[in-house]
Amino acid sequence: KERRLREKIHEQAKLQDKSTIHKAKKEENTRKIRQSMHLNEDEYARKLDAMNGRIERRPLLLEQDQRDKAVRDLERKIQHAMTVANITEKDLMRQKFNSPNVRVTTTHTDYSS
17 KERRLREKIH EQAKLQDKST IHKAKKEENT RKIRQSMHLN EDEYARKLDA
67 MNGRIERRPL LLEQDQRDKA VRDLERKIQH AMTVANITEK DLMRQKFNSP
117 NVRVTTTHTD YSS
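Per the numbering used here, residue 17 is the first one in the sequence shown, and the count goes up by one each step.
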C-alpha cells in the first residue's frame, strides 16, 4: 500500500514537473514572439518615418511640372540658338574634346600659340 502511494506521488510529481516545464517553455516562446513583434513594429515605424521624410522633401506636382516646363523651354531656346548660329551637336563635341588653345568655328579652325 505504501509503495503504491509512493508511486502515485512520484507519478503526480512527474506530471507536475512536465507541466511546469511546458508552461515555462510556452512563456519563453510567448516572450520571444512579443519581442519579435516589438522589433518588427519598431522597424515599420522607422521605415514609415523615412518614407514620410522623402515625401515631405519631394516637390509638389505643380512645382515639378513648372521645373520640367522650364527645362523644356530652355532646351528649345538652346536648340533655336544653335540652329540660328549654324552649330551642330558634332561641333559642340569637337569643341569639348579639343585643347583649350584651339578655337573651333563652323568654317575653319584657328590654332593659337
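From the three backbone atoms N, C-alpha and C, an ideal C-beta is built for every residue, glycine too.
Element boundaries [alpha helix (DSSP H), containing residue i]
i	result
L90	77 to 101
R74	Taken as a continuous stretch (DSSP letters only), R74 belongs to no alpha helix (DSSP H), as it is neither H nor E.
K3	Within the shown structure, residues of the chain are numbered from 17 to 129, placing residue 3 beyond reach of any answer.
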